[in-house]
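Notes follow the structure.
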Amino acid sequence: MWTFTLPTKIQFGVGVSRDCAQVAREYGSRPVVVTGKTLIGTDRVREIIAELGDVPVFAEVTPNPTVQQVDALTRLIREEHCDSVIAIGGGSPLDCAKAASALAPSSESGIRAFLTGGRQFGRERLPLIAVPTTSGTGSEVTPIAVLDDPDAGTKAPVAGPALYPAHALVDPELTLSLPRFTTVATALDALSHALEGYWSKNHQPICDLAAIEAARRIFANLERVCEAPDNLEARAELSYAALLAGMAFQLPKNAMVHACSFPLSTRYHLAHGAACAFTLEFAVQFNAPALGERFSDLARACGFSSATEMAARIHAFKRLGGLPCTLADAGIPADAIPDLVQASFHPLMNNNPREVTKEDLGRMYGGLT
Ligand SMILES: NC(=O)c1ccc[n+]([C@@H]2O[C@H](COP(=O)([O-])OP(=O)(O)OC[C@H]3O[C@@H](n4cnc5c(N)ncnc54)[C@H](O)[C@@H]3O)[C@@H](O)[C@H]2O)c1
Ligand SMILES: [Fe+2]
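Quick note, my numbering runs 93 ahead of the 1-based positions in the sequence shown.
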């Protein structure tokens, strides 16, 4: 028995972000534009804002967006009486905007009330148009926003149907400017979504299809993009794969790789994709025996004959992108392993197909010297 849902309208293709102002008019008359400090300086974002006319712009979102940024954006939305939200950027601007679009119509002043285990979002939210500029998070099609709470030292997802974007404009052209590190890190985030959606205890057939297709396309195209960053056709493959990977995990949810990524990001400031990639090879080899034939099907579709081969390819991608591969690369002292292990047991760990113990994680980090 399974249920599949995805209420987001998806428009995919080279140049679709040029339709942003026109699409925005379908959803409201006074949108707020949400983006980051770097992206606000790019030609395409400026063009989109110019076409929208005199609208408020919130360009304060940093990588790993914080609860404070969500609250500040929510205040702006309320003060400016905005009726819709346009988020342009990687997962960070998208998540900040998604959380604020659900918080703004509520009676709460702060997003903390909705953090894991807290208040639930109602159905009401401002319609949001998501324009991804990385090929990684799939946030344009997920009902999740991941937020950093620096005061509590935590990073955790908020979730609920109100967080689905109303419309995704996925334009591979926007990813042409991604540097190699971010290209690889975000692609390995997408690969983690595909693999974790596939091996999650809650996996289901439609998400499985999306997962296999996403993983296959990432394995086939990531090196091509690194060799020729201007290859728009290969970039489009990664954008499509990231979108599919978002669809693959949005219902089954992630597992051990993402659970481990949270303390790696909050304590050691690893970019989200690099934090996922840090434990991905181990997770592939750890989980493969628990999946049996299902793993063989996935591996074969991606051109591998074993979990070891797949893990070796992931390792090669990390080297190619200059991602941290050892504790020393990541700035993690060996004596921090027990605390890191302790902090990794986020509820997502319970979705893992094979039970993960502290000893398993100790062995994993101990092997990364
Ligand atoms: N909501 C979800 O379903 C979901 C899923 C996975 C991850 N996330 C979250 O998303 C965030 C990570 O997002 P991300 O990996 O897309 O990175 P990001 O949004 O943090 O951006 C990373 C860096 O890339 C730059 N950048 C973005 N687009 C660019 C472009 N086209 N050209 C040049 N530079 C560009 C940004 O300015 C930033 O410096 C994390 O907080 C993570 O937890 C959310
Ligand atoms: Fe992720």
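Beta carbons are placed, not taken as given, at the ideal position from N, Cα and C, and that holds for glycine. No experiment lies behind these values; they were computed from the predicted model shown.
Taking a 10 Å sphere around the C-beta of D264, we find 16 or more other C-beta atoms and assign the residue as buried. Non-local beta-carbon contacts of P417 in its own chain, meaning distances under 7 angstroms to residues more than five positions away in sequence, involve L363, A367, F371, A423 in chain order. Excluding five sequence positions before and after G229, the CB atoms of its chain that fall closer than 6 angstroms to its own CB belong to T279, D282, A283, A335, G366, given in chain order.
Closest in C-alpha terms to N347, from the list C300, A321, H260, comes C300. Annotation for L169: the continuous alpha helix (DSSP H) segment containing it runs 160–172.
With fewer than 16 other Cβ atoms from the protein chains shown falling within 10 Å of its own Cβ, P426 counts as exposed.
The Cβ atoms of I133 and A152 lie closer than 7 angstroms to each other. In the DSSP assignment, S332 falls outside any beta strand (DSSP E) and lies within the alpha helix (DSSP H) extending over 325–342.
Any heavy atom of ligand 2 within less than 6 angstroms of a residue's beta carbon puts that residue on the list, which reads T230, D282, S285, H286, H351, H365, C369.
Here the C-alpha atom of R118 lies approximately 16 angstroms from the C-alpha atom of I103. At a Cβ-Cβ threshold of 7 angstroms, P345 and T101 do not count as neighbours. Following the DSSP letters along the chain, one finds T128 inside the beta strand (DSSP E) bounded by residues 124–129. Look at A421 here: in three-state DSSP terms it is coil, with no helix or strand label. A contact is defined here as three or more CB-CB pairs under 8 angstroms, and the region 160–173 meets this definition with respect to the region 191–198. DSSP, read as helix, strand or coil, puts A252 in strand. Assigned with DSSP and collapsed to three states, E153 falls in strand. By the criterion of a C-beta distance shorter than 8 angstroms, D242 is surrounded in its chain by T159, V160, R205, L208, K248, A249, once the five residues flanking it on both sides are discounted. Cβ neighbours of D112 within its own chain (closer than 8 angstroms, five residues either side excluded): Q104, L262.
In this structure, DSSP gives P446 a state outside helix and strand, which the three-state scheme calls coil. Between the region 350–361 and the region 298–314, the count of Cβ pairs shorter than 8 angstroms is below three; the stretches do not touch. A residue is called buried when at least 16 other Cβ atoms come within 10 angstroms of its Cβ; Q343 meets this threshold and is buried. Per DSSP, the beta-bridge partners of Q104 are L262. The residue among A341, V377, R123, T462 with its C-alpha nearest the C-alpha of H296 is A341. Inclusion of I237 in the 6 angstroms shell around ligand 1 follows from its C-beta lying nearer than that to a non-hydrogen atom of the ligand. In the displayed model, V239 falls within a strand according to three-state DSSP. Using a cutoff of 6 angstroms, the CB of L337 does not count as near ligand 1, since none of the ligand's heavy atoms is closer than that.
By the beta-carbon neighbour count (other beta carbons within 10 angstroms, threshold 16), D136 is exposed. T98 has its Cβ no nearer than 6 angstroms to any heavy atom of ligand 1. Taken through DSSP and simplified to helix, strand or coil, L416 comes out as coil. The beta carbon of A223 lies closer than 6 angstroms to those of A180, L187, E233, P258, A261 in the same chain, with the five residues before and after it left out.
Shown here, V178 sits in a strand according to DSSP, grouped into three states.
Cα atoms of L240 and R360: separation of roughly 14 angstroms, rounded to the nearest angstrom. Bridge pairing for L221: V178 [DSSP].
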